[in-house]
Amino acid sequence: MALVCIILDSQPRFMRGPSRSLLSMPLGCGTVLSELAGAVADAGCSVLRIFPTFEHDGDYERDILKIAPAGSRLAGPDVLTTLVHEYEASDHVLIVDPRYWPVGGLDIPGILQEARGGRWAVHGVSVASAPDGTQECVHCNDDGQVTRISRYYQDVTCSKIEAIVQSLVPLTSPLQGIHFDSLAKLRAELSGRGVLSRDMPVPSSIIELAEGAGLLALNEQYAVNAASGGEAPGFNVIRRGVVVGSGCEIHSGARIVGPVVIQDQGTVEDGATIVGPTVVGERCTIGAGSLVAQSVLVSGSAIRSESIVRQQVVCDSCWTEPSEILRPDRSSPIDFELARNQLIMGADVSATSNVRTDRSLYTTFKAIVDVLVAGVSLVLLAPLFLLVAIAIRIDSAGPVFFGHLREGRNGKFFRCLKFRTMCADADRRQRELYAENALDGPQFKLDNDPRVTRVGVWLRATNIDELPQLINVFVGQMSVVGPRPSPFRENQICVPWRRARLSVRPGITGLWQICRDQRSEGDFHQWITYDIMYVRHLSLWTDLKILIATVVTLGGMWSVPHTWIVGDDQATHGREAAQAGAGMAGAPMGG
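For the sequence shown, the working numbering begins at 1388 and goes up steadily by one.
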């Protein structure tokens, strides 16, 4: 089976000149094209076609084929029809769009594996992100009145395609006559012709190279790798963090602070300063006394003397006035700082990044203590578990344990265990009883719930029904102390609250359970307040005081002042967070 590769080429708006294109942009010690060509060659690609999706001239063809692997050819809109006639039905064509570059690199083996065993098309897709990981949809009636607010969370209920990175199409598909200039159009064309297809989510974030900020971010990674990974073929390390190609002229009076890559035939004049991460393309000139910092210079560009270039993409073949130097477009939905952190630092910047949870020693020690406490408790409470199990089975039909799907740390779902205190069809009957709900917000509680069994009344009154959660603690899904584990339906009401409480593991007991004093009125806002207050002030001392208060109050049978746990000045932060979510607390649930 032959694998033919088509690489789409484009001309982002920050580029100048008819022969300039994305594939010719510098990337570390090479170009975007050379990096892609190496990746597809490693995957077994035997044929490479370059498909420019823009108007081009003879200079473009000459320049692009000069940096392309031997045997590469340009292709046009009818490339698929041509390939059908040139290759066998058992062959595949891989189409790559470098405008969307995965942080973790192209997963070509993954898409080949996904296509194995079937004659279907596979599309590597990037799922759209949203501010704070959430999107909202307001539903109105014919009079313009709000009837419902639906909130969709990234990776939970929000799955919208942002970009298609690569597509693998078998040549048995009806490809004749298909014309496309993007993978989105190709996907639509294939679907319209009845071609079976699968979408394979890209496991990493996407850098949008069609924007200057994306090109800067990706070159930062490649500059760091080149400066720390030894000499690349044809390059020399002239000093720490500075990698230089052949034919370069660097004046002894120039100052260079790595990581910096200067490609072949570069010129750096007297008094010029280069601060990394910076990549200087082939045949570039940096004038005397100029400053270039954290930038990318496209091949053939020149910086005039005494210029200052900082975090910019220079794409010009003539002497460039400072006012003409192009700044990267910051309007892209791809966040430059997010991309930089993920690429350079290897950080997973999540929705909880503004919550102070970077206490590695605390979290490690707490996890060890949780396992020890849960293990010892389960052994000591085994006789009680047996007696409760017998009582539940005698009292009503159904299982002894009830496992409800809850969100844990970082939104990961798990089955939260409890002794069953209700009849077996309690979930189905809940919707029928919504009108009698005694609480505000997303909570549901009835003063005299008809679904509760006789044994269940006693188990709830003594909080013994919560003891099986020690199993969740023992396997690492929960902690002894933490926010109450809640289902997704409850967590979506207030975004800041969700972000905070899901940054830590949920607990059997917590600040809200022992401090709440508005049970009869419904205390959803107190729930928000105390959860955020707890996350802001994580410590072993706080956990210990919560445990002591839980024992003293017999599991929260009466409330204790929060000042006993976190002090007088801690309430303000929690109240502010609660007020931020107050407008959402009473919103009707949607979706």
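All C-beta atoms, glycine included, are put in the ideal place defined by N, C-alpha and C. These numbers were taken from a predicted model, which means no experiment stands behind them.
Query	Result
Three-state secondary structure assigned by DSSP to F1911	helix
Separation of L1602 from S1397, as counted between CA atoms	14 Å
Collapsed DSSP secondary structure at A1604 in the structure displayed	helix
First and last residue of the uninterrupted alpha helix (DSSP H) at D1429	1419-1429
Helix, strand or coil at T1559 according to DSSP, with G and I counted as helix	coil
For I1625, the first and last residue of its enclosing beta strand (DSSP E)	1623-1626
Given 8 Å, three or more beta-carbon pairs between the stretch 1582-1594 and the stretch 1615-1630	no
Same chain only: Cβ atoms within 8 Å of L1934, ignoring 5 sequence neighbours per side	V1867, V1868, T1896
Cut-off 6 Å between Cβ atoms - residues of its own chain near Y1609, not counting five sequence neighbours on either side	L1414, G1415
Beta-carbon separation (whole angstroms), L1555 vs L1605, contact threshold 8 Å	Between L1605 and L1555 the Cβ distance is about 23 Å, and since that is not below 8 Å, they are no contact.
Cβ neighbours of I1565 in the same chain (closer than 6 Å, five flanking residues each side left out)	L1467, E1576
For D1568, the residue or residues it bridges with in DSSP	DSSP, once it has assigned bridges, lists no residue as partnering D1568.
DSSP state of W1488 mapped onto helix, strand, coil	strand
Complete beta strand (DSSP E) runs within the stretch 1848-1874 (minimum length 3 residues, chain order)	1866-1868
Test item: CB-CB of R1871 and T1808 under 7 Å	no
Buried or exposed by the 16-neighbour rule on C-beta atoms within 10 Å, applied to D1904	exposed
Local Cβ density within 10 Å of G1674, reported as buried at 16 or more and exposed below that	buried
Status (buried if at least 16 other CB within 10 Å, exposed otherwise) for R1460	exposed
Beta-carbon gap between T1665 and V1644 smaller than 7 Å	no
Beta-carbon gap between L1989 and G1798 smaller than 7 Å	Because the chain is modelled from 1388 through 1978, residue 1989 falls outside the range shown and cannot be assessed.
When S1946, R1838, E1794, E1853 are compared against K1805, the one with the closest alpha-carbon	E1853
Close Cβ partners of T1937 (< 8 Å) along its chain, the five nearest in sequence each way excluded	T1896, Q1900, I1901, G1943
Reduced DSSP category for D1757 - H, G, I as helix; E, B as strand; rest coil	helix
Buried or exposed by the 16-neighbour rule on C-beta atoms within 10 Å, applied to G1463	exposed
DSSP state of Q1371 mapped onto helix, strand, coil	Given a span of 1388 to 1978 for the chain in the structure shown, any question on residue 1371 remains unanswerable.
Limits of the beta strand (DSSP E) - the one that F1801 falls within	1800-1806
Beta carbon proximity, H1791 to chain C, threshold 7 Å	In summary, chain C is missing from the structure at hand, where a single protein chain is found.
Opening and closing residue of the alpha helix (DSSP H) in which A1936 lies	1927-1939
N-terminal and C-terminal residue of the alpha helix (DSSP H) that V1582 is part of	First-last for V1582: undefined, no H or E at that position.
F1401 classed as buried or exposed, judged by whether at least 16 other C-beta atoms fall within 10 angstroms	buried
Pairwise C-alpha distance: A1455 and I1551	23 Å
Opposing strand residues paired with M1809 [DSSP bridges]	V1839
Terminal residues of the alpha helix (DSSP H) in which A1502 lies	1495-1502
Start-to-end residues for the alpha helix (DSSP H) that takes in F1772	1769-1782
P1709, DSSP secondary structure in three states	Confidence in P1709 is poor, its pLDDT being 41 and thus under 50, which makes the residue's placement unreliable; the coordinate value appears in the next sentence. In the structure shown, P1709 sits in a helix (DSSP, three-state: H, G or I).
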